[in-house]
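Participant: Residue numbers (my numbering): 215 to 423.
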């Protein structure tokens, strides 16, 4: 289970769905940090309109904080969205960031998608992203059924195994380990085929352990 979870929110109902989805991942004594970032120029004073949005964001998070239960903290930030979320996660010592990628539509959807991508690449902890169901017309499953972990045999790729196990255990989902091997042999080259078969057996044994 995760003990310090940061959840960036954009004010939409779709964005708030991540709160219920990550509930099974929370440890009994976990802290949930709700963060709302009002976009603006980094390091500059908020404009009058941004000041109004900051006040609205404070009220919005205060309302939400009364719903998930104890251990909820709120924080409003101003600046570049991805950078401010990363800063909030670092300050909170987060071991998970959870957000929805389907809170907005149109140009804002592209911004949300860009933010999620930047978080995946730069965050120092796992990032749980709740995506839209197909065409947002079909209801998404109540919880993930399978957690797939792609491995390439390196120690760096195996860092994600521990949080993946936590996610699978929290949701009661199956954990699937995936390693893709590119064919090495040429047609009729039995020596290369034997080498490839040995590599497959080695990887199977490694994944079982």
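The beta-carbon is built from N, C-alpha and C at its ideal position, and this holds for glycine as well.
A quick note: this is a predicted structure, and the numbers were derived from the prediction, not measured.
Hey, residue 303 and residue 220: beta-carbon distance below 8 Å or not?
Facilitator: Against a cut-off of 8 Å, the Cβ pair of residue 220 and residue 303 comes out as a contact.
Participant: Counting C-beta neighbours from all protein chains within 10 Å, is the total for residue 329 16 or more, i.e. buried, or is it exposed?
Facilitator: By the neighbour-count rule (16 or more Cβ atoms within 10 Å), residue 329 is buried.
Participant: Do the stretch 283-302 and the stretch 244-262 make contact, defined as three or more Cβ pairs closer than 8 Å?
Facilitator: Yes: at least three Cβ pairs fall under 8 Å.
Participant: Hey, would you say residue 313 sits closer than 8 Å to residue 362, going by beta carbons?
Facilitator: Not closer than 8 Å, so no.
Participant: For the stretch 272-288 against the stretch 237-247, are there 3 or more C-beta pairs whose distance is under 8 Å?
Facilitator: The stretch 272-288 is in contact with the stretch 237-247.
Participant: In terms of DSSP beta bridges, what is residue 425 paired with?
Facilitator: Any property of residue 425 remains undetermined from this structure, which presents the chain solely from 215 to 423.
Participant: Would you kindly report the start and end of the unbroken alpha helix (DSSP H) that includes residue 379?
Facilitator: Run containing residue 379: 375-385, per the alpha helix (DSSP H) assignment.
Participant: Based on DSSP bridge pairs, tell me the residues matched to residue 418.
Facilitator: Answer is none; residue 418 lacks a bridge partner.
Participant: Determine whether the beta carbon atoms of residue 360 and residue 334 lie at a separation below 8 Å.
Facilitator: No. Outside cutoff.
Participant: Spell out the partners DSSP gives residue 333 in its beta bridges.
Facilitator: Residue 333 is not bridged to any residue.
Participant: So is residue 310 buried or exposed if we call it buried at 16+ other beta carbons inside 10 Å?
Facilitator: It counts as buried.
Participant: Are there 16 or more other CB atoms within 10 angstroms of the CB of residue 420, so buried, or fewer, so exposed?
Facilitator: Under this definition residue 420 is an exposed residue.
Participant: Does DSSP classify residue 229 as helix, strand or coil?
Facilitator: In the structure shown, residue 229 sits in a helix (DSSP, three-state: H, G or I).
Participant: With a threshold of 6 Å on Cβ separation, who are the neighbours of residue 270 within its own chain once the five nearest residues in sequence on each side are excluded?
Facilitator: Contacts found: none.
Participant: Find the nearest neighbour of residue 395 within the set 379, 301, 414, judged by alpha-carbon distance.
Facilitator: Of the listed residues, the one whose Cα sits closest to residue 395 is 414.
Participant: Measure the alpha-carbon distance for residue 267 versus residue 332 and round it to whole angstroms.
Facilitator: If you take the alpha carbons of residue 267 and residue 332, they lie about 24 Å apart.
Participant: Measuring CB to CB, does residue 290 end up less than 8 Å from residue 272?
Facilitator: Yes, the pair counts as a contact, with Cβ atoms nearer than the cut-off.
Participant: Would you mind working out which of 307, 230, 357, 300 sits nearest residue 425, comparing C-alpha positions?
Facilitator: A query on residue 425 cannot be resolved here, the shown segment of the chain reaching from 215 to 423 and no further.
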